[in-house]
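Report on the structure given below.
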Amino acid sequence: QYNVTSYGATIVAITTLETFAGMWINAFIVSVLCIGWIKKKTLNSNEKIVLLLGCSRFCSLCFSWAYSFLSIIYPNYLYVHPILQLAIFFQAFFSHCNLWVSACLCVFYCIKIANFRNRFFIYLKVRIDRMVLWLFLGSVILALTVGIIAYDVADKPHCNSDNSTGQRNFGRANIKMDQYFFPSFFITGFGYAASFMAVIFAAVFLLFSLWRHKHTMQKNSMKDLSMEAHIRAMKSILSFLVMYSINFVCLVLKMVYVTKKGSYMTILIIVFEYTFPGLHSLTLIFSNPKLEKTLLKIL
Numbered sequence: 015q016y017n018v019t020s021y022g023a024t025i026v027a028i029t030t031l032e033t034f035a036g037m038w039i040n041a042f043i044v045s046v047l048c049i050g051w052i053k054k055k056t057l058n059s060n061e062k063i064v065l066l067l068g069c070s071r072f073c074s075l076c077f078s079w080a081y082s083f084l085s086i087i088y089p090n091y092l093y094v095h096p097i098l099q100l101a102i103f104f105q106a107f108f109s110h111c112n113l114w115v116s117a118c119l120c121v122f123y124c125i126k127i128a129n130f131r132n133r134f135f136i137y138l139k140v141r142i143d144r145m146v147l148w149l150f151l152g153s154v155i156l157a158l159t160v161g162i163i164a165y166d167v168a169d170k171p172h173c174n175s176d177n178s179t180g181q182r183n184f185g186r187a188n189i190k191m192d193q194y195f196f197p198s199f200f201i202t203g204f205g206y207a208a209s210f211m212a213v214i215f216a217a218v219f220l221l222f223s224l225w226r227h228k229h230t231m232q233k234n235s236m237k238d239l240s241m242e243a244h245i246r247a248m249k250s251i252l253s254f255l256v257m258y259s260i261n262f263v264c265l266v267l268k269m270v271y272v273t274k275k276g277s278y279m280t281i282l283i284i285v286f287e288y289t290f291p292g293l294h295s296l297t298l299i300f301s302n303p304k305l306e307k308t309l310l311k312i313l
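Reminder that position 252 of the sequence shown reads as 266 in the numbering used here, one-by-one numbering, no gaps.
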């Protein structure tokens, strides 16, 4: 049995539309890159990062929608151990995979395209293709750590409810469940802030490199293809930075409005939260000639 209000139905409708749109966009990216991988037997480092990003976003949208759907339509199922714990674990894991792989893509663009004479930067520039696998491994380990902590945080209300006797105490334990999610939000916020700082530094370094390169070309009255690469990467990173900033603000607002179930601000937060994975992936498609060409053929 279920009891859905108009407010809950609105949230389900919005999240369903945005989720399936985002899943289609990311599934398109994964399909095109996998077909190219099978044909060419190889992928460059940029394509590997975008492929993993598409997979993580597809899974993140899938689990986030499933959790949102169950919490609104069938909330009682979430109190059956370990459905809630597993749902939060997978949601946290894929969400942070999405965050860190996105940050890795921005850092990759910066190191690959920016030009600096610093020895450490030159070392990174030479080794960045070999380091991609380690970046993947680091992203997965960080996401797995956050997922395990989120699982433990979600498991505490259930343990407390097991110690309660009677239906009244069980209901009281469930009603107070939101207070256990604040540590999880803090951990998520720390992950957002760290990856956000990586994106900001990548954008600043790339912008400085672009300015210096442009100044050198104007001084020597020369034109260079590197300028176009700088601008293309800068557009991609800046678009991601804007969307990432909105997503970060949504996380902060989500912590404020987590206990206000009927607030229309919550709907606005959810709209932006579910728009981000699909919209940024769409930006990546139009910044990649191969993906853009394939999409235009389908359309």
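Built from N, CA and C at the ideal position, the CB exists for glycine as well. Just so it is clear, the structure is predicted and the values come from calculations on it, not from any experiment.
With 16 as the cutoff for other CB atoms within 10 Å, does residue i come out buried or exposed?
{"i": "R141", "result": "exposed"}
{"i": "T29", "result": "buried"}
{"i": "S78", "result": "buried"}
{"i": "K53", "result": "exposed"}
{"i": "V266", "result": "exposed"}
{"i": "C206", "result": "It should be noted that the sequence gives Tyr, not Cys, for residue 206. Buried, since its Cβ has 16 or more Cβ neighbours within 10 Å."}
{"i": "K307", "result": "exposed"}
{"i": "R144", "result": "exposed"}
{"i": "R182", "result": "Caution is warranted here: a pLDDT of 41 is assigned to R182, below 50, making its placement in the model unreliable, and the coordinate value is therefore given only provisionally. Classification for R182: exposed."}
{"i": "N261", "result": "buried"}
{"i": "F204", "result": "exposed"}
{"i": "N302", "result": "buried"}
{"i": "M211", "result": "exposed"}
{"i": "F72", "result": "buried"}
{"i": "S10", "result": "Residue coverage of the chain in this structure runs from 15 to 313, which leaves residue 10 outside it and unanswerable."}
{"i": "A187", "result": "With a pLDDT of 41 at A187, under the threshold of 50, the modelled position of that residue is not reliable, and no figure is offered here."}
{"i": "I251", "result": "buried"}
{"i": "N132", "result": "exposed"}
{"i": "P291", "result": "buried"}
{"i": "A217", "result": "buried"}
{"i": "M279", "result": "exposed"}
{"i": "W225", "result": "exposed"}
{"i": "I155", "result": "exposed"}
{"i": "S20", "result": "exposed"}
{"i": "I136", "result": "exposed"}
{"i": "S116", "result": "buried"}
{"i": "K190", "result": "Confidence at K190 is low in this model, with a pLDDT of 45, below 50, so its placement is unreliable and the value that follows should be read with caution. Its Cβ having fewer than 16 others within 10 Å, K190 is exposed."}
{"i": "N40", "result": "buried"}
{"i": "L98", "result": "buried"}
{"i": "G152", "result": "exposed"}
{"i": "F27", "result": "The sequence given here has Ala at residue 27, not Phe. Exposed is the call here."}
{"i": "W38", "result": "exposed"}
{"i": "V18", "result": "exposed"}
{"i": "S295", "result": "buried"}
{"i": "L147", "result": "exposed"}
{"i": "G180", "result": "Unreliable placement is indicated for G180, whose pLDDT of 41 sits below 50; no coordinate value is reported for it."}
{"i": "I299", "result": "buried"}
{"i": "G185", "result": "The predicted position of G185 is uncertain, since its pLDDT is 41 and thus under 50; no value can be drawn from it."}
Kindly indicate the opening and closing residues of the alpha helix (DSSP H) around residue i.
{"i": "A41", "result": "S20 to K54"}
{"i": "R71", "result": "S59 to I87"}
{"i": "P303", "result": "P303 to I312"}
{"i": "N132", "result": "Note, N132: premise wrong, no alpha helix (DSSP H); not H, not E."}
{"i": "H95", "result": "From DSSP, H95 is part of no alpha helix (DSSP H); its letter is neither H nor E."}
Cβ contact (3+ pairs, closer than 8 Å) linking the stretch 146-165 and the stretch 104-120:
Contact between the stretch 146-165 and the stretch 104-120 is present, because at least three Cβ pairs lie under 8 Å.
Validate contact between the stretch 30-37 and the stretch 285-304 using beta carbons, cut 8 Å, 3 pairs:
Result yes; three or more Cβ-Cβ pairs closer than 8 Å.
The stretch 61-69 / the stretch 42-51 touching (three or more Cβ pairs under 8 Å)
Result yes; three or more Cβ-Cβ pairs closer than 8 Å.
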